[in-house]
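J.:
2 protein chains.
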Amino acid sequence: MTAQDILDPLLDAGQKGFPHHSAPLRRSAIGGQGWNVLRGDMPLPLAVIKRDALAGNLAWMQGFAAGHGVGLAPHGKTTMSPQLFRRQLDAGAWGLTFATVVQLRAGVAAGARRCIIANQVFRAIDLQGIDDLKRAHAGLQVAFLVDSIAQLELIESWHQASKDVQPVDVLLEIGVAGARTGCRTHEQALALAQRLRASPATRLLGIECYEGLGATGQSDADIAYAQALMQRVRAIAKACDEQQLFETDEILLTAGGSAIFDLVADQLKMPLSRPVRGLLRSGCYATHDHGTYHRFMNAVAARMGCGHGLHAAMEVWAAVQSCPEPGLAILSVGKRDISYDLELPMPIAFCPQGQAGITAAPPDWKIAGLNDQHAYLRGTGAEHSALRVGDLVALGISHPCTTFDKWRWIPLVDAQYNVCDAIVTCF
Amino acid sequence: MTAQDILDPLLDAGQKGFPHHSAPLRRSAIGGQGWNVLRGDMPLPLAVIKRDALAGNLAWMQGFAAGHGVGLAPHGKTTMSPQLFRRQLDAGAWGLTFATVVQLRAGVAAGARRCIIANQVFRAIDLQGIDDLKRAHAGLQVAFLVDSIAQLELIESWHQASKDVQPVDVLLEIGVAGARTGCRTHEQALALAQRLRASPATRLLGIECYEGLGATGQSDADIAYAQALMQRVRAIAKACDEQQLFETDEILLTAGGSAIFDLVADQLKMPLSRPVRGLLRSGCYATHDHGTYHRFMNAVAARMGCGHGLHAAMEVWAAVQSCPEPGLAILSVGKRDISYDLELPMPIAFCPQGQAGITAAPPDWKIAGLNDQHAYLRGTGAEHSALRVGDLVALGISHPCTTFDKWRWIPLVDAQYNVCDAIVTCF
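Which chain is which? The protein sequence lines are P and E, in order. Just so you know, we're using this note's numbering here: the first sequence kicks off at 1 and counts up by one. Just so you know, we're using this note's numbering here: the second sequence kicks off at 428 and counts up by one.
#1: Give me the chain E residues within the contact set of residue 351 (chain P), using Cβ-Cβ distance strictly less than 8 Å, ordered along the chain.
#2: In terms of DSSP beta bridges, what is residue 487 (chain E) paired with?
#3: Does the segment 516 to 528 of chain E touch the segment 536 to 547 of chain E, meaning 3 or more C-beta pairs lie closer than 8 Å?
#4: Hey, would you say the C-beta of residue 658 (chain E) is under 7 Å away from at least one heavy atom of the ligand MN?
#5: Hey, could you find the ends of the alpha helix (DSSP H) residue 134 (chain P) is sitting in?
#6: For residue 685 (chain E), does the count of other Cβ atoms within 10 angstroms reach 16, so buried, or fall short, so exposed?
#7: In chain P, what lies closer than 8 Å to residue 806 (chain E) by C-beta?
#8: At least one CB of chain P closer than 8 Å to the CB of residue 720 (chain E): is that the case?
#9: Do you know how far the Cα of residue 456 (chain E) is from the Cα of residue 434 (chain E)?
#10: Tell me the rounded alpha-carbon separation between residue 438 (chain E) and residue 375 (chain P).
#11: Could you check the C-alpha separation between residue 676 (chain E) and residue 38 (chain P) for me, to the nearest Å?
#12: Report all residues from its chain with a CB closer than 6 Å to the CB of residue 214 (chain P); omit the five preceding and five following residues, and keep chain order.
#13: Scan the segment 507 to 528 of chain E for residues whose Cβ lies nearer than 8 Å to a Cβ of chain P and list them as they occur along the chain.
#14: With distances taken between CB atoms, is the gap from residue 332 (chain P) to residue 389 (chain P) smaller than 8 Å?
#15: Give the DSSP bridge partners of residue 314 (chain P), in chain order.
#16: Since residue 427 (chain P) meets chain E, which of its residues come closer than 8 Å, beta carbon to beta carbon?
#17: Using the Cβ count rule (16 or more neighbours within 10 Å means buried), how would you classify residue 725 (chain E)?
#18: Quick check: is the beta carbon of residue 596 (chain E) nearer than 8 Å to any beta carbon in chain B?
#19: If we require 4 or more residues per run, which alpha helix (DSSP H) segments fall completely within the segment 580 to 630 of chain E?
#20: Tell me which residues of the segment 557 to 587 of chain E have at least one Cβ-Cβ distance to chain P shorter than 7 Å, keeping chain order.
#21: Count the other CB atoms, across all protein chains shown, that sit within 10 Å of the CB of residue 336 (chain P); report buried if there are 16 or more and exposed otherwise.
#22: Ordered along the chain, which non-local residues of its own chain (more than five positions away) have a Cβ less than 7 Å from that of residue 156 (chain P)?
#23: Going along the segment 800 to 825 of chain E in order, which residues come within less than 9 Å of chain P, judged by CB to CB distance?
#24: Thinking just about the alpha-carbon of each residue, which of P:123, P:87, P:194, P:124 is nearest to the one in residue 112 (chain P)?
#25: Note down the Cα distance separating residue 568 (chain E) from residue 721 (chain E), rounded to an integer number of angstroms.
#26: Inspect the CB distances between the segment 359 to 369 of chain P and the segment 313 to 322 of chain P and report whether three or more fall short of 8 Å.
#27: Should residue 599 (chain E) and residue 620 (chain E) be called a contact, given that it needs their Cβ atoms to be closer than 8 Å?
#28: CA-CA distance, residue 488 (chain E) and residue 822 (chain E)?
#29: Looking at residue 232 (chain P): is its Cβ nearer than 8 Å to the Cβ of residue 149 (chain P)?
#30: Can you check the segment 333 to 386 of chain P for any beta strand (DSSP E) of at least 3 residues that lies completely inside it and give the ranges in chain order?
#31: Tell me whether residue 240 (chain P) sits in a helix, a strand or coil according to DSSP, three-state version.
#32: In chain order, what residues of the same chain have a beta carbon less than 6 Å from the beta carbon of residue 430 (chain P), not counting five sequence neighbours either side?
#33: Name the chain E residues whose beta carbon is nearer than 8 Å to that of residue 122 (chain P)?
#34: Do residue 152 (chain P) and residue 196 (chain P) have their CB atoms nearer than 8 Å?
#35: Can you check whether the CB of residue 73 (chain P) is closer than 8 Å to the CB of residue 426 (chain P)?
#36: Could you spell out where the alpha helix (DSSP H) holding residue 107 (chain P) opens and where it closes?
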């Protein structure tokens, strides 16, 4: 696949949201077509990303990391968009994070040369896939997580059975009792680090944890949770350093999702015998949202005492297709088009059919349910009663990841909903 | 786009599940590669479709429709797979059903020439899109739903403003109070039918309803619900026929999702002044599932008194990546890969690392949660305690639609999980 295929692929009307009558276009040509979402130039439903909010988010998060003296390796799983990967790297990201080798391949194709797989890798096909990628791209660094001797033994089996493969770079994952992956105890972690150090199949580069699963949005609880976890991580890092278990010039210390990254950022710096690079791995910040991450960031802002610069950049537009009963309007958008895993979408704006101006959705409007291809917009007030077939409604989302993965391309729009650019995704 | 692009596109390692090391391949070449899922030839997670169950399901549903003297227009939104569209048509389907004009385009590209859009269409871009498609494909029939005068007025505005466009073919949608789209009353439906008959912009072809949203799985309730709805539909069809509101040689009467289609099939036949074609629109039958539709079909079988021939054809395979605590194994599969909207996936089988034989999952195994890229497999018995990193686990699904839309291609496998064919999707 060429760089053009990845960064500037051909899009056509087989992809939802693309105008039916348009000839196929390179992604980079879309911004020049003069399309406007509110004018009816594009079929609905349509996910859009607000250009200015996106640019602001990319800059703010990079600035946050720089201000705290840590690097940023944004999680690519959120967007899986080569164009956004490039913009994150161009904004100053240290590298990118992925969940699988397939995702890693997309990132490398987009130009990433420092990559973390924040996940266990152990199958021969995946280990070989990383080795092949490193051979094909000189200087490519890929580190993945290890949290068990059993996983290490599988890596060693592959390494022994394979001819002429490099040792793999790994991060020791520290976990939390009752939670997901990661070593539960200091002793277990240290014993695994010693095995990793001794193994010819692995090079231990640093320590990883993920604090995001424990986040509640309640600052007292979240501060205590993050502190306890990061204390354990730092104690293990110190012990590994004292025993000279790290096999690298620069020790990586990484944590940080999109919910309480402010509570771990400063903990990723510590004096060890070699330089330490702290790395945050937030992913959802790129578009932010109107739900879960909006609430988490309110708590971050309260803790920071100075606000934050993230703005919800993603909306999904749909049309009212039926007003079958008082208080109920059915929208042409459903589970195929928008996040519903953390909470249902929320109406944020509307635009009566044939008009160009948008109005904020009144607070009585609620999405009461989603089918595969329909949404139930309920409301009690006069604005809801005034809704007509053909009116447009914008929905905000909760959880960017599960809206991105429902679109193969997404237009970027300006404040007037003119399409000024586009990204593609490769889920 | 050529037929080859649609039916036999080039796949490559950018698509999850495709072996990292393989060169790009035409879809039709995949079955000849000798890949085996259990042998580790493909990265996980991986959705697979069991070839024989799929073939059986396609044949059984077609036979059910034929046996009841009605046609089948399978809902394409479930799979959005041109290869499966072709197989459904080749199996004898009257046509295909879609939810949007974008989906319709994919179906027409795959060869469908009789199409229903089981949804309201009213925006100029979509109406023009249908008109363009009909011009490009001689003999193409497309009928969509109308349920309000407001929608009709938008269609008429488009028709008046457009030069040289054909009237659109429509079906009158009958709905249920408190439910989704569709006319709520006999009077409302008849008044709209009269307006449709009088309008130069529309041709009324028949009557539509969707009974699936009211299905509970309790036969007594479902029989009463379907009977009441179908009585209304038939009364409206009769009234429309008496008033000569249908503008077609053959009147279409269509209902039928995948849950209680047996309760509406016979109601789609009735003596009117012109021939009546009954049409079922089930979509999920192609792969069936291990959850919601499995339970619905148990009730169907009980009502039929002779069993049914649908078998769960879709599985998602993942590897155990960590066993961090007794009773907990973390699998490399998450919300990006598998349905979670109706219920969480269910473990159905496992295969210890390096072995080729599979064992049924014990009943104490449960998926307790999903993150974006992880699943939590909990269990209490000895088999769970014996799970090791690298072991493979197969998950069954509930709701095929929301697993299909997470994959751009899916291999077909035989009973030994040899990959013998592949389909692509175009969501």
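Beta carbons: idealized from backbone N, C-alpha and C, even for Gly.
T.: Let's see:
#1: Under the 8 Å cutoff, chain E gives no residues; its nearest Cβ is about 13 Å from residue 351 (chain P).
#2: Looking at the DSSP output, residue 487 (chain E) sits in no beta bridge, so it has no partner there.
#3: Cβ pair count under 8 Å is three or more, so yes.
#4: Of the ligands one can find in the structure shown there are none, so the ligand MN has no counterpart to examine.
#5: Counting along the chain, the unbroken alpha helix (DSSP H) around residue 134 (chain P) starts and ends at 124 to 136.
#6: So residue 685 (chain E) counts as buried.
#7: The premise fails here: residue 806 (chain E) is roughly 16 Å from chain P at the closest Cβ pair, so nothing lies under 8 Å.
#8: False, the Cβ-Cβ gap to chain P never drops below 8 Å.
#9: The alpha-carbon of residue 434 (chain E) is positioned some 12 Å away from that of residue 456 (chain E).
#10: If I take the Cα positions, the gap works out to 33 Å.
#11: Spanning the two alpha carbons is a distance of roughly 40 Å.
#12: Its chain contains 225 as the residues whose beta carbon lies nearer than 6 Å to that of residue 214 (chain P), once the 5 sequence neighbours on both sides are disregarded; these appear in chain order.
#13: Look at the segment 507 to 528 of chain E: the residues with a C-beta under 8 Å from a C-beta of chain P are 526, 527, 528.
#14: Their beta carbons are not under 8 Å apart, which means residue 332 (chain P) does not touch residue 389 (chain P) by this criterion.
#15: Partner residues in the beta bridge of residue 314 (chain P), as assigned by DSSP, are P:49.
#16: Within chain E, the C-beta atoms nearer than 8 Å to that of residue 427 (chain P) come from 443, 763, 833, 835, in chain order.
#17: Residue 725 (chain E) should be labelled exposed.
#18: No chain B is present in this structure, whose protein chains are P and E.
#19: Correct list: 613 to 625.
#20: Here the close residues are 559, 574, 575, 577, 578, 581.
#21: Residue 336 (chain P) is buried by the Cβ-count criterion.
#22: Around residue 156 (chain P): 199, 201.
#23: Near chain P, meaning a CB-to-CB distance below 9 Å, the residues of the segment 800 to 825 of chain E are 800, 801, 803, 815, 816, 817.
#24: Nearest option by C-alpha distance: P:87.
#25: C-alpha separation (whole angstroms): 33 Å.
#26: At 8 Å Cβ cutoff, the stretches do not touch.
#27: When the beta-carbon positions are compared, residue 599 (chain E) and residue 620 (chain E) come within less than 8 Å of each other.
#28: Between the alpha carbons of residue 488 (chain E) and residue 822 (chain E) lies a gap of roughly 24 Å.
#29: In this structure, residue 149 (chain P) does not lie closer than 8 Å to residue 232 (chain P) by Cβ.
#30: As summarised for the segment 333 to 386 of chain P, the continuous beta strand (DSSP E) elements at least 3 residues long and confined to that stretch are 346 to 351, 366 to 370, 375 to 378, given in chain order.
#31: Here DSSP, grouped into helix, strand and coil, assigns residue 240 (chain P) to helix.
#32: Residue 430 (chain P) cannot be examined here, being either before or after the span of chain P that is shown, 1 to 427.
#33: Per Cβ cutoff of 8 Å: 746, 748, 816, 817.
#34: Pairing residue 152 (chain P) with residue 196 (chain P) gives a Cβ-Cβ distance under 8 Å.
#35: In this structure, the beta-carbon distance from residue 426 (chain P) to residue 73 (chain P) does not fall below 8 Å.
#36: Boundaries of the alpha helix (DSSP H) harbouring residue 107 (chain P): 101 to 109, taken from the DSSP string.
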